[in-house]
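J.: Position in the sequence shown counted from 1, then plus 746, gives you this note's numbering.
Heads up, the beta-carbon is just placed ideally off N, CA and C, and yes, glycines get one too.
Please read these numbers as outputs of a predicted model, since none were measured by experiment.
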Amino acid sequence: MSQMNVVTGRSASSAVKKLVFSAMGIALAMVTSYIKVWEMPMGGSVTLLSMLFICLIGYWFGARYGILAGAGFGILQFVIDPYMVSLPQVLLDYPLAFGALGLSGFLHNRKYGLQIGYVVGVLGRFVFSTLSGVVFFGAYAPEGMNPWVYSSLYQGSYLGAEGIITLMILSLPPVTKALETIKRQSL
747 MSQMNVVTGR
757 SASSAVKKLV
767 FSAMGIALAM
777 VTSYIKVWEM
787 PMGGSVTLLS
797 MLFICLIGYW
807 FGARYGILAG
817 AGFGILQFVI
827 DPYMVSLPQV
837 LLDYPLAFGA
847 LGLSGFLHNR
857 KYGLQIGYVV
867 GVLGRFVFST
877 LSGVVFFGAY
887 APEGMNPWVY
897 SSLYQGSYLG
907 AEGIITLMIL
917 SLPPVTKALE
927 TIKRQSL
């Protein structure tokens, strides 16, 4: 018999299971973040599904877990491979941008929730990364080019490429079936 949390009414084993699956998702995201298909000259890369593993946490357990896992993943990214101009830049580029991937959790109970949630999470990361690009790296824009356009094109190129690749993989029926099986096991 599992212990029940007095406040939430959830079993302790459910919380532990979510913690374990979240830790595995963060670990898989870290490992796959180093499998780079394409790397941008000033940061950012197309990786082998690294953003998906954070979005899965949101999809399986809701936005709160996804955002926390994404922020934790962002902090780990900074600790392992830091790039710092200022504290606000670090906050935008790491915990906020990666935490935004957890926005996928707002769509966890919808039809095609994983695919739509993934797009929402990537768009959230795009917003924070673009804002950071404008504020902290806008000086790198070619002469005469609007920093917003430059940052949007820069961020969109690698985030969009990884997003399209991931959505193509998610559209494969065996992948969808496997992820739904894992979701049932995680709950």
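1) Between the region 911 to 918 and the region 882 to 889, can you find at least three pairs of beta-carbon atoms closer than 8 Å?
2) What is the rounded straight-line gap between the Cα of Met786 and the Cα of Ala815?
3) Considering only DSSP beta bridges, list what Val792 is partnered with.
4) From what residue to what residue does the alpha helix (DSSP H) around Arg856 run?
5) Beta-carbon within less than 6 Å of Phe844's beta-carbon, same chain only, minus the 5 sequence neighbours each way: which residues are those?
6) Check whether the Cβ atoms of Gly863 and Ser850 sit closer than 8 Å, and answer yes or no.
7) Give the straight-line distance between the Cα atoms of Phe767 and Ser932, rounded to the nearest whole angstrom.
8) With Glu908 and Met797 assumed to form a contact (beta carbons below 8 Å), what rounded beta-carbon distance in angstroms separates them?
9) Is Ser878 helix, strand or coil by DSSP?
10) Please classify Trp784: is it buried, with 16 or more other beta-carbons within 10 angstroms of its beta-carbon, or exposed?
11) How should Ile813 be labelled, buried or exposed, when 16 other C-beta atoms within 10 angstroms of its C-beta is the threshold for buried?
12) Could you tell me if Thr793 is buried or exposed, where buried requires 16 or more neighbouring beta carbons within 10 angstroms of its beta carbon?
13) Grab me the residues of Gly808's own chain with a C-beta within less than 7 Å of its C-beta, minus the 5 sequence neighbours each way, in chain order.
T.: In brief:
1) no
2) The residue given as residue 786 occupies position 40 in the sequence shown. The residue given as residue 815 occupies position 69 in the sequence shown. Met786 and Ala815: Cα-Cα distance of roughly 25 Å.
3) Taking the first residue of the sequence shown as 1, we reach residue 792 at position 46. Paired residue(s): Trp784.
4) Along the sequence shown, one-based indexing puts residue 856 at 110. It is not in any alpha helix (DSSP H) - Arg856 carries neither H nor E in the DSSP assignment.
5) The residue you call residue 844 lines up with position 98 of the sequence shown. Around Phe844: Gly816, Phe819 and Gly820.
6) Translated into positions along the sequence shown, residue 863 becomes position 117. Translated into positions along the sequence shown, residue 850 becomes position 104. Yes, they are a contact pair.
7) Position 21 of the sequence shown, counting from 1, holds the residue named residue 767. Position 186 of the sequence shown, counting from 1, holds the residue named residue 932. Roughly 7 Å between the two C-alpha positions.
8) Taking the first residue of the sequence shown as position 1, residue 908 is located at position 162. Taking the first residue of the sequence shown as position 1, residue 797 is located at position 51. Sure, about 6 Å apart at Cβ, within 8 Å.
9) Locating residue 878 in the sequence shown gives position 132, where the first residue counts as 1. Correct three-state label for Ser878: helix.
10) As a first step, residue 784 is located in the sequence shown; it is residue number 38 there, counting from the start. Trp784 is exposed by the Cβ-count criterion.
11) Walking along the sequence shown from the start, residue 813 turns up at place 67. The residue in question, Ile813, is buried, as its Cβ has 16 or more Cβ neighbours within 10 Å.
12) Along the sequence shown, read from residue 1 onward, the residue named residue 793 stands at position 47. Flag for Thr793 reads buried.
13) Reading the sequence shown from its first residue, position 62 is the one you call residue 808. Excluding positions up to five away in sequence, the list reads Gly851 and His854.
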